[in-house]
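Peer 1:
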Amino acid sequence: MATMEHPNIVRFIGVAWESLSELYCVSEFMSGGDLRSLLQNYLATGTPQGMNVSKIQIAYGVAFALTYLHSLDPAVLHRDLKSRNILLTESLTAKITDFGTSRIRSDGSMTSNVGSGCVFFWCGHLGAGYA
31 MATMEHPNIV
41 RFIGVAWESL
51 SELYCVSEFM
61 SGGDLRSLLQ
71 NYLATGTPQG
81 MNVSKIQIAY
91 GVAFALTYLH
101 SLDPAVLHRD
111 LKSRNILLTE
121 SLTAKITDFG
131 TSRIRSDGSM
141 TSNVGSGCVF
151 FWCGHLGAGY
161 A
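Residues in the sequence shown are numbered consecutively from 31, following the numbering used here.
Printed below as a string of structure tokens:
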């Protein structure tokens, strides 16, 4: 994840720890929350169902990120893409996160990094340049 740079993939900042058994991945802050919460809010507030500009923009961002991941050599397969793993900026730009169960495809074989999932959090003292 540290070497993947794309406008629709949550930026990895670093690693923090309290002990060797408590490691945390630090990522950019996504002020829009996750896609699942946005869709639940749409239902709760009676927002009309169906497609609109915001939903199309989100779908495009996810497709753009997946196209990038699959075009890498070797390709990266996310394997846990769901609404909770799509984070949003304030302007509803979608970014994929949580590569804990992703796999790298190389020559038809699969290798897994299962178990290396990270707990993401925003460390406010890093400064506004990371938001």
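All C-beta atoms in this analysis are idealised placements derived from N, C-alpha and C, irrespective of residue type, glycine included.
A quick note: this is a predicted structure, and the numbers were derived from the prediction, not measured.
Can you tell me the Cβ-Cβ gap for I88 and A124, rounded? I've got them flagged as a contact below 8 Å.
Peer 2: Reading the sequence shown from its first residue, position 58 is the one you call residue 88. Reading the sequence shown from its first residue, position 94 is the one you call residue 124. Indeed, because the Cβ distance is near 4 Å, the residues count as touching under 8 Å.
Peer 1: According to DSSP, is L53 helix, strand or coil?
Peer 2: Here residue 53 is taken as the residue at index 23 of the sequence shown, counted from 1. Residue state, collapsed to three classes: strand.
Peer 1: Nearest CA to the CA of S61: which residue from G44, L118, T127 and I126?
Peer 2: Translated into the one-based positions of the sequence shown, residue 61 becomes position 31. Residue L118 is the option with its Cα nearest to S61.
Peer 1: Please report how far the alpha carbon of T131 lies from the alpha carbon of L50, in whole angstroms.
Peer 2: Working through the sequence shown from its first residue, we reach residue 131 at position 101. Working through the sequence shown from its first residue, we reach residue 50 at position 20. Note that T131 has pLDDT 49, beneath the 50 cutoff, so the model's placement of it is unreliable and the number below is only indicative. For T131 and L50, the distance between alpha carbons rounds to 21 Å.
Peer 1: How should M52 be labelled, buried or exposed, when 16 other C-beta atoms within 10 angstroms of its C-beta is the threshold for buried?
Peer 2: Working through the sequence shown from its first residue, we reach residue 52 at position 22. Reading the sequence as shown, one finds Glu at residue 52 and not Met. By the neighbour-count rule (16 or more Cβ atoms within 10 Å), E52 is not buried but exposed.
Peer 1: Using alpha carbons as the reference points, say which of E58, A105, Y98 and Y72 lies closest to H36.
Peer 2: Within the sequence shown, residue 36 is the residue found at index 6, counting from 1. Here the closest residue by C-alpha is Y98.
Peer 1: Can you give me the C-alpha to C-alpha distance between V56 and Q70, rounded to a whole angstrom?
Peer 2: Looking up residue 56 in the sequence shown gives position 26. Looking up residue 70 in the sequence shown gives position 40. Each residue's Cα considered, the two are about 26 Å apart.
Peer 1: Run the CB neighbour count on E58, radius 10 Å, all protein chains shown included, and call it buried at 16 or more, exposed below.
Peer 2: For the purposes of this step, residue 58 is taken as residue 28 along the sequence shown, with counting starting at 1. E58 is buried by the Cβ-count criterion.
Peer 1: At which residues does the alpha helix (DSSP H) containing L68 begin and terminate?
Peer 2: Looking up residue 68 in the sequence shown gives position 38. First-last of the alpha helix (DSSP H) with L68: L65 to A74.
Peer 1: In the segment 67-125, which residue ranges form an unbroken alpha helix (DSSP H) of at least 4 residues, counting only runs that do not cross its ends?
Peer 2: Entirely contained in the segment 67-125, the alpha helix (DSSP H) runs reaching 4 residues are, in chain order, 83-101.
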